[in-house]
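*Asks:* Residue numbers (the working numbering): 506 to 816. Even glycine gets a Cβ: it sits at the ideal position worked out from N, Cα and C.
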Amino acid sequence: MAGTVDQKLVLAGVETAYNVDPALSSTANAILTTGFTLTPLQADGAERNLDTPDVGNAPSFKSGLRTQAQFGVEAAGSGTAGTAPAWGVLMRAAGMSEAIDATVGAEKVTYAPLTDLDMAESIYQYLYWGNTLHKMGGARGSLSLEWASGQVPLIKFQMTGLFGPVADDTLPSADYSAFQAPLPANATNTPVFTINGVAVPLQALTFNQQAEVVYANRTGLERVAIARMRPTLEVTVEAIALSGLDPFALYQSRAQVPVVLQHGTTAGNIVEFQADSCEIDEPTYENLADGRIGWKLPMRPIGSAWRIIAR
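Here's what the structure looks like:
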């Protein structure tokens, strides 16, 4: 039996050599995911357009086989400030550096975009769906962050890698002990959200790294790489007095303002998003569920001065 649709398991580990299987294990490399979907095969190719006496389709060819997986992880810390969260391996495959600060009292792990994307690490993944195992090597991808009031914040990933073996395999049990229980987004658990240093009641936030993940297949070279990033940010907030924050004036002036979000209050289970320089694009009004007036503010983080911090 192939198993049932609910039986899913993702293992991931940083490669020491590109597209070389590091022998992942379900005890050391399991990723606790949500919303897992799998595109087993993507390829380039075309119909051969042969001249024959026949009518109908001509044979085709396929080249450059690759696999794509999408899933989210709950945005929670490692349990110990200064220890990388279990989802850190995925951040590193999304063109992010990992910097661990062990300063006593200020321990944290910072993920920031690499300025040299040729240095982006790659990961190997085992992707189980039921009792079928798909292997994907040399994988890199893009990330997004979703925060919505009353929901568990998620960091989502779309990973693309080289197509690997597909085989029947017994679905192993997984050790998820490195993953901490998440906190729902609310006033207690999310104590900080500011735009330009001004506290604003946050309803929803979506940050999309928009990494352009590209595949190349040339003589002596087959790889998945990250070509560029064009991040976007959108927040929905309860409108406040313009004397405190005036998004219409900020839009006109093209001022670059910082945005800060802190989710969690206890060391070891705090996740922060910081973007130092954001332009506000066209503000619009939003009707909030409790009848209040809201602002929907699309933003453009400028440059690479943004980061996700676990502490």
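1) For Thr737, write down the residues that DSSP places opposite it in a beta bridge.
2) Specify the secondary structure class of Phe684 as computed by DSSP and reduced to three states.
3) Could you name each continuous beta strand (DSSP E) segment of 3 residues or more that falls completely within the segment 614–656, going from the start of the chain to the end?
4) My output table needs one value for Trp755: the three-state DSSP class, helix, strand or coil.
5) Please classify Leu638 as buried or exposed, where buried requires at least 16 neighbouring CB atoms within 10 angstroms.
6) With three or more beta-carbon pairs closer than 8 Å as the criterion, would you say the segment 785–793 touches the segment 764–772?
7) Does the count of Cβ pairs from the segment 516–536 and the segment 674–693 closer than 8 Å reach three?
8) Could you check which residue in Asp549, Arg571 and Ala810 has the C-alpha nearest to that of Ser565?
9) Buried or exposed for Lys640, going by 16 or more other Cβ atoms inside 10 Å?
10) With a CB to CB cut of under 6 Å and the five nearest residues on each side skipped, what residues in its chain are close to Asn694?
11) What residue range does the beta strand (DSSP E) around Val765 cover?
12) Under the assumption that Arg645 contacts Val525 (Cβ atoms under 8 Å), give the Cβ distance between them as a whole number of angstroms.
*Replies:* In short, the structure shows the following:
1) Stepping through the sequence shown from its first residue, residue 737 is reached at position 232. Note: Thr737 sits in a beta bridge opposite Asn713.
2) For the purposes of this step, residue 684 is taken as the residue at position 179 of the sequence shown. If DSSP states are grouped into helix, strand and coil, Phe684 belongs with coil.
3) 628–634 and 637–653
4) Counting from 1 along the sequence shown, the entry for residue 755 is found at position 250. The sequence shown places Leu at residue 755, not Trp. Looking at Leu755 - three-state DSSP - the assignment turns out to be helix.
5) As a first step, residue 638 must be located in the sequence shown, where it is residue number 133. Per the 10 Å Cβ criterion, buried.
6) no
7) yes
8) Counting from one through the sequence shown, the residue named residue 565 turns up at place 60. For the residues Asp549, Arg571 and Ala810, the minimum Cα distance to Ser565 belongs to Asp549.
9) As a first step, residue 640 must be located in the sequence shown, where it is residue number 135. Burial call: buried.
10) Position 189 of the sequence shown, counted from the start, is the residue given in the question as residue 694. Once the five neighbours on either side are set aside, the close Cβ partners of Asn694 are Leu688.
11) Taking the first residue of the sequence shown as 1, we reach residue 765 at position 260. Segment Val762 to His768, the beta strand (DSSP E) holding Val765.
12) Taking the first residue of the sequence shown as position 1, residue 645 is located at position 140. Taking the first residue of the sequence shown as position 1, residue 525 is located at position 20. With a Cβ gap of about 15 Å, Arg645 and Val525 do not count as contacting.
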